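Novice: Take this structure, written in structure tokens, and hold onto it; I'll ask about it next.
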Amino acid sequence: MAASESYPEDLLYNAEHDWARIDGDEALLGITWYATDSLGELVHFEPPAVGAAVTRGSSYGEVESVKAVSELIAPLSGEVLEVNATVVGAPETVNEDPYGQGWLIRIRLSDPAEREQLLAIDAYRAVLADA
Numbered sequence: 004m005a006a007s008e009s010y011p012e013d014l015l016y017n018a019e020h021d022w023a024r025i026d027g028d029e030a031l032l033g034i035t036w037y038a039t040d041s042l043g044e045l046v047h048f049e050p051p052a053v054g055a056a057v058t059r060g061s062s063y064g065e066v067e068s069v070k071a072v073s074e075l076i077a078p079l080s081g082e083v084l085e086v087n088a089t090v091v092g093a094p095e096t097v098n099e100d101p102y103g104q105g106w107l108i109r110i111r112l113s114d115p116a117e118r119e120q121l122l123a124i125d126a127y128r129a130v131l132a133d134a
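The sequence shown begins at 4 in my numbering and counts up one residue at a time.
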């Protein structure tokens, strides 16, 4: 079952509908409810390898839905520490719980100052209003 529309206030967002939950020098990354709603049911997640570098503003993997394939755009730069194996095996988890069990990767930040480039909830809502 798809999650209800929500955008947690404790997260930071990019205009490409990805989110980051920063904890010290690490961050969980995922896609927003808007992204999952636009894509429809996810059927495949192509993650980066553990140890790979991701760069803010660049693709770090793909999600495939019944409608389309979409690149994932990293909101922050860093080294991949973990890939969510649950989502690899059951991509629909992202549709059901995009901000909880549906996170995609965990990274160690290479440039913590990049967080200043991300959007707080009010700025992200303005992006959604223009979508």
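C-beta: ideal position from N, C-alpha, C; glycine also.
Being a predicted model, the structure only gives us computed values, none of them experimental.
1) Looking at Pro101 and Ser17, is the spacing between their C-beta atoms short of 9 angstroms?
2) Under three-state DSSP, which class holds Ala18?
3) Can you tell me whether Glu8 is buried or exposed? The criterion is at least 16 other CB atoms within 10 Å of its CB, across all chains shown.
4) For Ser62, which residues of its own chain have a beta-carbon under 8 angstroms away from its beta-carbon, when the five flanking residues on both sides are left out?
5) How big is the Cα-Cα spacing for Tyr37 and Asp133?
6) Confirm the yes/no value for this check: CB of Arg109, any heavy atom of the ligand FAD, distance under 8 angstroms.
7) In or out: Glu65 buried (at least 16 other Cβ within 10 Å) or exposed?
8) Whole beta strand (DSSP E) runs in the segment 53 to 126 with 3 or more residues, listed along the chain?
9) How would you call His20, buried or exposed, if buried means at least 16 neighbouring beta carbons within 10 angstroms?
10) Is there a Cβ of chain B sitting closer than 9 angstroms to that of Ala5, yes or no?
11) For Arg128, count neighbouring Cβ atoms within 10 angstroms of its own Cβ and tell me buried if that reaches 16, exposed if not.
12) Which one of Asp26, Asp28, Ile34 and Lys70 has the shortest CA to CA distance from Leu42?
Specialist: On the basis of the data shown:
1) Position 14 of the sequence shown, counted from the start, is the residue given in the question as residue 17. Position 98 of the sequence shown, counted from the start, is the residue given in the question as residue 101. A quick correction: the sequence has Asn, not Ser, at residue 17. For Asn17 and Pro101, no; Cβs fall outside 9 angstroms.
2) Numbered from its first residue, the sequence shown carries residue 18 at position 15. In the structure shown, Ala18 falls within a coil segment according to DSSP collapsed to helix, strand and coil.
3) Locating residue 8 in the sequence shown gives position 5, counting from the first residue. Exposed is the label assigned to Glu8, since fewer than 16 other Cβ atoms lie within 10 Å of its Cβ.
4) Locating residue 62 in the sequence shown gives position 59, counting from the first residue. Leaving aside the five residues that flank Ser62 on each side, the residues in its chain whose CB is nearer than 8 angstroms to its CB run, in chain order, Glu74, Leu75, Ile76 and Ala77.
5) For the purposes of this step, residue 37 is taken as residue 34 along the sequence shown, with counting starting at 1. For the purposes of this step, residue 133 is taken as residue 130 along the sequence shown, with counting starting at 1. Our two residues, Tyr37 and Asp133, have alpha carbons roughly 13 angstroms apart in a direct line.
6) The ligand FAD is not part of this structure, which contains no ligands at all.
7) Residue numbering aside, residue 65 sits at position 62 when the sequence shown is read from its first letter. That one is exposed.
8) Listed in chain order, the beta strand (DSSP E) elements of length 3 or more contained wholly in the segment 53 to 126 are 62 to 68, 72 to 76, 81 to 86 and 108 to 112.
9) Along the sequence shown, one-based indexing puts residue 20 at 17. Flag for His20 reads buried.
10) Of the protein chains in the structure, only one exists, and it is not chain B.
11) Numbered from its first residue, the sequence shown carries residue 128 at position 125. Around the beta-carbon of Arg128, fewer than 16 other beta-carbon atoms lie within 10 Å, marking it exposed.
12) Looking up residue 42 in the sequence shown gives position 39. The candidate whose alpha carbon is nearest that of Leu42 is Lys70.
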